[in-house]
Amino acid sequence: MKFGVVRFPGTCDDFDARDACARVDGAEAVLLWHGDHDLQGVDAVVVPGGFSYGDYLRVGAIARFAPVMTEVIAFAREGGPVLGICNGFQILCEAGLLPGALLPNTGRRFIFRQVDLTVERTDTIFTSATPDGQSTLSIPIKHTTGRYYAPEDQLDAMEANGQVLLRYAPGQNPNGSLRDIAGVTNEAGNVFGLMPHPEHAVDPLTGSVDGLVPFTSMASAVGATV
Amino acid sequence: MKARVLIRPKAGILDPQGVAVEQALPALGFSGVSEVRVGRMVELEIEDESQLDALCQKLLANTLIEDYEIVSVDPAGAAS
Chain A
19 MKFGVVRFPG
29 TCDDFDARDA
39 CARVDGAEAV
49 LLWHGDHDLQ
59 GVDAVVVPGG
69 FSYGDYLRVG
79 AIARFAPVMT
89 EVIAFAREGG
99 PVLGICNGFQ
109 ILCEAGLLPG
119 ALLPNTGRRF
129 IFRQVDLTVE
139 RTDTIFTSAT
149 PDGQSTLSIP
159 IKHTTGRYYA
169 PEDQLDAMEA
179 NGQVLLRYAP
189 GQNPNGSLRD
199 IAGVTNEAGN
209 VFGLMPHPEH
219 AVDPLTGSVD
229 GLVPFTSMAS
239 AVGATV
Chain B
307 MKARVLIRPK
317 AGILDPQGVA
327 VEQALPALGF
337 SGVSEVRVGR
347 MVELEIEDES
357 QLDALCQKLL
367 ANTLIEDYEI
377 VSVDPAGAAS
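If you read the protein sequences in the order shown, they are chains A and B. Letter by letter, the first sequence follows residues 19 to 244 in our numbering. Letter by letter, the second sequence follows residues 307 to 386 in our numbering.
What follows is the structure in structure tokens.
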């Protein structure tokens, strides 16, 4: 199967994301240019982190209008798996593919640290590869604008529909996210956004390989349906 | 014509920038200041004023988290 990793002006995690995808057995990964109306026939899309368009106006606000996003939105509407990481999460929210928005951290500071994430569900195309018996993932965060927000009634509906896949472990909420939310899906479950960076936790050298879970899960979901 | 749009965090949503400014004021000798909210202002020239509201909703503000207000539209197009 083939992953496509979108690259905007200001994206900085595209290479790590591509390498994380390529570590999955049977997967290859290509970069997708923001200015092209072309997904190159990929089976899954990753919108990586960074500072697309300098975070001008609002995080993710300009990137959502890039030519490639027309194709990403159409791909998502047809049920294709889309993963948004950090700035990618912010972009998918701005594009209306995911509910809610990301606000500046409560503590006003840029935060860069390893966090534990509680996996709320393992029966999804983004978390199915969670090792048996493991209920948390150790993955780093690095952001200034990561406070997840949605109106209370919308949060209730999302929880009822099983759209909250990841929460910061008890006592570890770093940014003031409502209900400790670290990652959510759309209603259909084929678009997933999270603030932590799984692509930075794929090698024992850096302390954790838990970040492989979403990439491996997506690959096996696509492989199973092809 | 020239338009001016003010965008601010919705009421009830914590504004860390506003809190930081508010907390800095006493150190400078200013007391009794509260409810500081920091937003942004966008100025633009627009030919068709009827597009202004849609433009705000689609790009300038994220209405889930922000309120916007069109505070100044000068039909004469004169410099303000």
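Idealized CB from N, CA, C, for every residue including glycine.
Just the Cα atoms here: how many angstroms apart are residue i and residue j?
i	j	result
V220 (chain A)	L365 (chain B)	36 Å
V377 (chain B)	A367 (chain B)	14 Å
S340 (chain B)	V348 (chain B)	25 Å
H55 (chain A)	K20 (chain A)	17 Å
T243 (chain A)	K160 (chain A)	Annotation note: pLDDT 44 at T243 (chain A) (below 50); position unreliable, coordinate value reported separately. Cα to Cα, T243 (chain A) sits roughly 34 Å from K160 (chain A).
A317 (chain B)	G53 (chain A)	37 Å
E353 (chain B)	A360 (chain B)	14 Å
D198 (chain A)	L183 (chain A)	11 Å
I371 (chain B)	G345 (chain B)	12 Å
I313 (chain B)	F93 (chain A)	32 Å
I319 (chain B)	Y166 (chain A)	12 Å
T88 (chain A)	F336 (chain B)	50 Å
G97 (chain A)	V311 (chain B)	37 Å
V202 (chain A)	L115 (chain A)	11 Å
E205 (chain A)	M176 (chain A)	8 Å
A254 (chain A)	S195 (chain A)	Residue 254 (chain A) lies beyond the residue range present for chain A, which begins at 19 and ends at 244; the question has no answer from this structure.
D34 (chain A)	S238 (chain A)	20 Å
G125 (chain A)	D141 (chain A)	34 Å
Using CA coordinates, which residue listed in the options is at the minimum distance from residue i?
i	options	result
G67 (chain A)	A:E96, A:F107, A:Q58	A:F107
V227 (chain A)	A:I109, A:G98, A:A147	A:A147
V100 (chain A)	A:M213, A:H218, A:G207, A:V231	A:G207
C111 (chain A)	A:V209, A:V231, A:P149	A:V209
G151 (chain A)	A:P222, A:V137, A:W51	A:V137
I103 (chain A)	A:L230, A:L212, A:A175, A:T88	A:L212
Closer than 7 Å by C-beta to residue i: which residues in its own chain qualify, once you throw out the five before and the five after it? Chain order, please.
i	result
L49 (chain A)	V23, R25, D32, R36
Q363 (chain B)	T369
L331 (chain B)	V339
P214 (chain A)	V133, L135, I157, P158, I159, A200
L358 (chain B)	A309, I352, I376
M236 (chain A)	A62, P99, L101, I143, F144
G72 (chain A)	G28
R139 (chain A)	T145, G180, L183
E355 (chain B)	M307, V379
V77 (chain A)	N105, Q108, L120, T163
Does the beta carbon of residue i fall short of 7 Å from some heavy atom of the ligand MN?
i	result
A38 (chain A)	Ligands displayed in this structure: none; no statement on the ligand MN is therefore possible.
Which residues in the same chain have their Cβ closer than 8 Å to the Cβ of residue i, if we skip the five residues on either side of it in sequence?
i	result
D134 (chain A)	T154, L155, S156, Y186, A187, Q190
Q172 (chain A)	P117, G118
I129 (chain A)	N123, I159, K160, H161, T162, G164, P192, N193
With a threshold of 6 Å on Cβ separation, who are the neighbours of residue i within its own chain once the five nearest residues in sequence on each side are excluded?
i	result
A38 (chain A)	E217, V220, F233
A385 (chain B)	Caution applies to A385 (chain B), whose pLDDT of 48 falls short of 50 and renders its modelled position unreliable; the model cannot decide the point.
R41 (chain A)	V220
When you compare the CB of residue i with every CB in chain E, is at least one pair closer than 8 Å?
i	result
R76 (chain A)	Among the protein chains of the structure shown, namely A and B, there is no chain E.
Ranges of the beta strand (DSSP E) found wholly within the segment 58–139 of chain A, counting only runs of at least 3 | 62–65, 100–103, 119–121, 129–137
In the segment 323–336 of chain B, which residues sit with their C-beta less than 9 Å from some C-beta in chain A, listed in chain order?
-> Q323, V325, A326
Residues within the segment 98–126 of chain A neighbouring chain B, beta-carbon criterion of under 8 Å = E112, G118, A119, L121, P122, N123, T124, G125, R126
When you check each C-beta in the segment 139–169 of chain A against every C-beta of chain B, which residues fall closer than 9 Å?
-> R165, Y167, A168, P169
Residues within the segment 347–372 of chain B neighbouring chain A, beta-carbon criterion of under 9 Å = V348, L365, L366, A367, N368, L370, I371, E372
Give, in chain order, every residue of the segment 171–189 of chain A whose Cβ lies closer than 7 Å to some Cβ of chain B.
-> none
Completely contained beta strand (DSSP E) runs for the segment 133–188 of chain A, where each covers 3 or more residues | 154–161, 165–167, 182–186
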